[in-house]
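Reading through the structure tokens given below for one structure.
Chains as they are written, first to last, in my numbering: chain A, -3 to 304; chain B, 2 to 262.
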């Protein structure tokens, strides 16, 4: 049995496997499949100041080796999240390590959510700032493609809370290293990437977009090589820990991200197909480490050999 | 929870409609009318999502689904041979409630919606009606099975080839007219537009009903918020999006939001 504990600076996790925000609901939905405290962390679906309806349907479409989604961050709002049984109170009881993904339409809204979570932070291990959702008109990705705006946003959230901060980056920037540096300089303790890739699919019979929002975010195995490259570049650029995600379906995928430079990883779309995927990934990473006689997963991080 | 289901038979029922029978005792044990299963179809390596199917029949260890070949997933499903296996999640969702006391079941279905409501005709102690709407004669399925269960079957086709020409709501209006004062319990399953029309018609007549609704589905257990429909809510907008996989697929007609915004 290898040592699976990982150190993410201001906090540590019992293993490197998390759930990607938006693919695991609020934990409650998957608790009948496995105990949530087996995960490195549960990352909940994006939390906003006020409840959000989300986008019209269809919200998802399947494409080759992946899917598009434009859910539009439907959610209960921070007050309900903190107090309704099915959300934070349930997660606390479950013993899960909880990371709260936050989102807003403006800097003020992000700050307000962070302040509310700061006021009731018992049981919250970290916040993940979502500056990369491609499916909402305001906020989200508009911060994720402008380094100056992203820095300002992270600095404001940093000022509002002492909870460790993760910033989730968009793949739609030309220099991910520079972008990662900017949010770290602004106070982000960890970075996570990648969010979905803005994409489109059209029904050729009707000539209608396959999702109502016209465009959506691509996820699943189709995006994995893009994500591995960006994790590699981001990890080289910053000294803080990197959480890698994008198309991870099994332990081999997870190990590839760790070798590329990720300290921890998140399983996302694969959960829809196989709810047990995160647990299988944990067990599979352990088997890999044992097979390679590596004592700790920390030793594997960033060990890609790029010698010519 | 997921289970393995072995295909016992998989045959064309009529035209593009097929019937697959699986050995899936764990699911059959819990299945109620209106439940669905979320199926991983093997042999589609580049397709990552499961496909939801309403349970048509669950008896002993045999689980039946009736499906129409409409795309890649159902094409692949139709090619599976006895002995092959699929991974199932289920039974999932909120089921229909069976008629009680003197309630007469009235099932209003569009096309293969008749498959999702079929177990009502099997399990209801009171016999009633199937009002089935379809585009053409080719899209009328399971009518003999309903008749064998003691249900009176009335059909409407859009081209008028069989039964009444027009939409199924015409049949609903006729039935309401004939059965004034009777205790009718309405069930609906079919295209979204049909269900909204049916729901509004029922509400206008001060009757409630149970409607099985769906949208393009993803996780099947309420986590991803893909498969939503509008339901009434006491927020300032008067509605919210509810997940058909978890809060449905069966909704009370009186809970559905009919506004066009």
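Idealized CB from N, CA, C, for every residue including glycine.
If you're wondering where the values come from, they're calculated on a predicted model, not measured in any experiment.
By how many angstroms is the C-alpha of residue j removed from the C-alpha of residue i?
i: residue 23 (chain A); j: residue 158 (chain B); result: 46 Å
i: residue 298 (chain A); j: residue 228 (chain A); result: 8 Å
i: residue 117 (chain A); j: residue 159 (chain A); result: 8 Å
i: residue 164 (chain B); j: residue 133 (chain B); result: 10 Å
i: residue 36 (chain A); j: residue 58 (chain B); result: 41 Å
i: residue 14 (chain A); j: residue 274 (chain A); result: 7 Å
i: residue 74 (chain B); j: residue 56 (chain A); result: 15 Å
i: residue 340 (chain B); j: residue 200 (chain B); result: Because chain B in this structure spans residues 2 to 262, residue 340 (chain B) falls outside the shown range and cannot be described.
i: residue 71 (chain A); j: residue 91 (chain A); result: 23 Å
i: residue 262 (chain B); j: residue 74 (chain A); result: At residue 262 (chain B) the pLDDT is 47, less than 50, meaning the model places this residue with poor confidence; the figure from the coordinates comes in the next sentence. Computed Cα separation, rounded: 26 Å.
i: residue 153 (chain A); j: residue 110 (chain A); result: 6 Å
i: residue 245 (chain A); j: residue 160 (chain B); result: 48 Å
i: residue 59 (chain A); j: residue 65 (chain A); result: 11 Å
i: residue 11 (chain A); j: residue 268 (chain A); result: 21 Å
i: residue 193 (chain B); j: residue 221 (chain A); result: 39 Å
i: residue 31 (chain B); j: residue 51 (chain B); result: 20 Å
i: residue 232 (chain B); j: residue 240 (chain B); result: 5 Å
i: residue 300 (chain A); j: residue 257 (chain A); result: 8 Å
i: residue 21 (chain B); j: residue 149 (chain B); result: 20 Å
i: residue 231 (chain A); j: residue 171 (chain A); result: 13 Å
Confirm, please, whether the CB-CB distance from residue j to residue i is below 8 Å.
i: residue 209 (chain B); j: residue 254 (chain B); result: yes
i: residue 88 (chain A); j: residue 62 (chain A); result: no
i: residue 116 (chain B); j: residue 143 (chain B); result: yes
i: residue 44 (chain B); j: residue 12 (chain B); result: no
i: residue 81 (chain B); j: residue 29 (chain B); result: no
i: residue 227 (chain B); j: residue 198 (chain A); result: no
i: residue 39 (chain B); j: residue 56 (chain B); result: no
i: residue 253 (chain A); j: residue 210 (chain A); result: no
i: residue 140 (chain A); j: residue 233 (chain A); result: no
i: residue 251 (chain B); j: residue 212 (chain B); result: yes
i: residue -2 (chain A); j: residue 290 (chain A); result: yes
i: residue 90 (chain B); j: residue 6 (chain B); result: no
i: residue 100 (chain B); j: residue 125 (chain B); result: yes
i: residue 99 (chain A); j: residue 183 (chain A); result: no
i: residue 195 (chain B); j: residue 156 (chain B); result: no
i: residue 251 (chain A); j: residue 284 (chain A); result: yes
i: residue 263 (chain A); j: residue 16 (chain A); result: yes
i: residue 97 (chain A); j: residue 40 (chain A); result: yes
Who are residue i's beta bridge partners in DSSP?
i: residue 53 (chain B); result: B:39
i: residue 292 (chain A); result: A:-1
i: residue 122 (chain A); result: A:95
i: residue 211 (chain B); result: B:188 and B:253
i: residue 39 (chain A); result: A:95
i: residue 146 (chain B); result: Bridge partners of residue 146 (chain B): none, in fact.
i: residue 18 (chain B); result: B:15 and B:69
i: residue 1 (chain B); result: This structure cannot settle anything about residue 1 (chain B), because the visible part of chain B is limited to 2 through 262.
i: residue 63 (chain B); result: B:24 and B:60
i: residue 204 (chain A); result: A:199
i: residue 88 (chain B); result: B:5 and B:41
i: residue 244 (chain B); result: B:229
Just confirm the distance between the C-beta atoms of residue i and residue j, as a whole number of angstroms; I'd bet it's less than 8 Å.
i: residue 226 (chain A); j: residue 190 (chain A); result: 5 Å
i: residue 53 (chain A); j: residue 229 (chain B); result: 6 Å
i: residue 305 (chain A); j: residue 20 (chain A); result: For chain A, the structure presents residues -3 to 304; residue 305 (chain A) sits outside this window and is missing.
i: residue 110 (chain B); j: residue 190 (chain B); result: 5 Å
i: residue 163 (chain A); j: residue 125 (chain A); result: 5 Å
i: residue 188 (chain B); j: residue 152 (chain B); result: The Cβ separation is near 12 Å, so there is no contact.
i: residue 215 (chain A); j: residue 239 (chain A); result: Residue 215 (chain A) to residue 239 (chain A), Cβ: 16 Å. No contact.
i: residue 26 (chain A); j: residue 224 (chain B); result: 7 Å
i: residue 122 (chain A); j: residue 161 (chain A); result: 7 Å
i: residue 103 (chain A); j: residue 149 (chain A); result: 5 Å
i: residue 147 (chain A); j: residue 178 (chain A); result: 5 Å
i: residue 246 (chain B); j: residue 94 (chain B); result: 6 Å
i: residue 38 (chain A); j: residue 69 (chain A); result: The Cβ separation is near 18 Å, so there is no contact.
i: residue 202 (chain B); j: residue 173 (chain B); result: 6 Å
i: residue 79 (chain B); j: residue 67 (chain B); result: Not a contact, Cβ separation roughly 12 Å.
i: residue 167 (chain A); j: residue 207 (chain A); result: Not quite, the Cβ-Cβ distance comes to about 19 Å (not below 8 Å), so this is no contact.
Positions along the segment 222 to 250 of chain A whose CB lies within less than 9 Å of some CB in chain B:
For chain B, the residues of the segment 222 to 250 of chain A that bring a beta carbon within less than 9 Å of one of its beta carbons are 245, in chain order.
Residues from the segment 54 to 70 of chain A in contact with chain B, defined by Cβ distance under 8 Å:
54, 55, 56, 57, 58, 60, 61, 62, 63, 65, 67 and 70
Between the segment 153 to 164 of chain A and chain B, which residues of the former have a C-beta closer than 8 Å to a C-beta of the latter?
none
In the segment 207 to 222 of chain A, which residues sit with their C-beta less than 8 Å from some C-beta in chain B, listed in chain order?
216 and 217
Looking at chain A, which residues of the segment 209 to 232 of chain B have a Cβ within less than 7 Å of any of its Cβ atoms?
216, 217, 219, 220, 222, 223, 224, 225, 226, 227 and 229
Closer than 7 Å, Cβ to Cβ, to anything on chain B: give me those residues from the segment 108 to 130 of chain A, in chain order.
Residues passing the 7 Å Cβ filter: none.
Chain A contacts from the segment 17 to 49 of chain B (Cβ-Cβ distance under 7 Å)
Listed by position along the chain: 41, 47, 48 and 49.
The segment 84 to 97 of chain A: which residues have C-beta closer than 7 Å to a C-beta of chain B, in chain order?
none
Any residues in the segment 37 to 50 of chain A with a beta carbon nearer than 9 Å to a beta carbon of chain B? Which ones, in chain order?
41, 47, 49 and 50
Using a Cβ-Cβ cutoff of 8 Å, what residues of the segment 146 to 161 of chain B are near chain A? List them in chain order.
Of all residues in the segment 146 to 161 of chain B, none places a beta-carbon less than 8 Å from a beta-carbon of chain A.
Using a Cβ-Cβ cut-off of less than 9 Å, list which residues of the segment 259 to 270 of chain A approach chain B; keep chain order.
265, 266, 267, 268, 269 and 270
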